[in-house]
Amino acid sequence: SQLAEENSWALSVHEGESVTVNCSYKTSITALQWYRQKSGKGPAQLILIRSNEREKRNGRLRATLDTSSQSSSLSITATRCEDTAVYFCAGMGYKLTFGTGTSLLVDP
Amino acid sequence: EAAVTQSPRNKVTVTGGNVTLSCRQTNSHNYMYWYRQDTGHGLRLIHYSYGAGNLQIGDVPDGYKATRTTQEDFFLLLELASPSQTSLYFCASSDPRWGGRAEQFFGPGTRLTVL
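Line by line, the protein sequences give chains C and D.
Each residue of the first sequence is one higher than the one before, counting from 1 in our numbering.
Each residue of the second sequence is one higher than the one before, counting from 1001 in our numbering.
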């Protein structure tokens, strides 16, 4: 069963726009990670947000975590074509469990 | 930054065939993992290891064996490959200071096709 899952299968935006990917999880976690996977590559971590944090930023990326609703979001501002990728959330419980991913397409 | 390499990058075999996927990491991580990635399922954990000689069962272990020969090398074995094992396989490693739940560094993947 999926500990974490993204709420949208696919998103599409134009370059320069902002976009948000949402994630929900079902069990207790100590932290949540966001990964990005570009075509033909393995996933790479973008942000780790701990259960006692509500927000974490990394450049154009902003992650939020709401433990009461068991949800997280990853926002990307000023999107670029190179942001085109699949974005995963991964819940950190006794092990790391990945969601199924949201495919983001950024058009020029 | 962690370096994780996998070989081969692509592999085609027939049903009943014997396949070994190799993974090497060069950043002294104790934890290593094998995942398969399929559309609609995301990344699913097959086996993982805490160190040389150690093996742990993941969430989808049926039909797979694994062996961790050194801190650097982790192998995934399919002794009687089946078409249901056609997938994209990733190896990953993580830093021992944070246990098994830290950031994982992934290899480039191996695409396996079982005919």
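Note that beta-carbon positions come from the ideal geometry of N, C-alpha and C, so glycine has one too.
**OP:** Have a look at D:A1092, D:E1103, D:S1093 and flag the residue whose alpha-carbon is nearest the alpha-carbon of C:M92.
**Re:** Checked all of D:A1092, D:E1103, D:S1093; the closest Cα to C:M92 is D:E1103.
Original post:
So, is the C-beta of D:E1103 closer than 8 Å to a C-beta in chain C?
Top reply: Yes, D:E1103 counts as interfacial toward chain C.
Original post:
Between the C-alpha atoms of C:V86 and C:L11, what's the straight-line distance to the nearest angstrom?
Top reply: Answer to the nearest angstrom: the Cα atoms are 10 Å apart.
Original post:
How many Å lie between C:R36 and D:C1023 at the Cα?
Top reply: Each residue's Cα considered, the two are about 21 Å apart.
Subject >> chain B within 8 Å of D:L1076, Cβ atoms only >> reply: Judged by its chain identifiers, the structure shown contains no chain B, and its protein chains are C and D.
**OP:** Would you mind sorting D:P1008 into buried or exposed? The rule is 16 or more other CB atoms within 10 Å of its CB.
**Re:** Counting Cβ neighbours within 10 Å, D:P1008 comes out exposed, since fewer than 16 surround it.
**OP:** Whole angstroms is fine: what's the gap from C:Q45's alpha carbon to D:N1010's?
**Re:** When rounded, the distance between both Cα atoms is 24 Å.
Subject >> Own chain, CB closer than 7 Å to C:T84, minus 5 neighbours either side, in chain order >> reply: The answer, listed in chain order, is L104, L105, V106.
Original post:
By Cβ distance below 7 Å, which residues in the same chain neighbour D:T1026 in space, the five residues on each side in sequence not counted?
Top reply: For D:T1026, same chain residues with a beta-carbon under 7 Å away, outside a window of 5 residues either side, are A1003, E1072 in chain order.
Subject >> Three-state class that DSSP yields for C:S68 in the structure shown >> reply: Secondary structure at C:S68: coil, using DSSP grouped into helix, strand and coil.
Original post:
Would you call the CB atoms of C:G59 and D:G1042 closer than 8 Å?
Top reply: Contact flag unset, no.
**OP:** Take C:S1 and list the residues in its own chain whose beta-carbon comes closer than 6 Å to its own, dropping the five residues that flank it on each side.
**Re:** In this prediction, C:S1 has a pLDDT of 32, which is less than 50 and means its spatial position is unreliable; nothing more can be read from the coordinates.
Original post:
For the region 1084–1091 of chain D against the region 9–25 of chain C, are there 3 or more C-beta pairs whose distance is under 8 Å?
Top reply: The region 1084–1091 of chain D, when compared against the region 9–25 of chain C, does not touch it at the 8 Å Cβ threshold.
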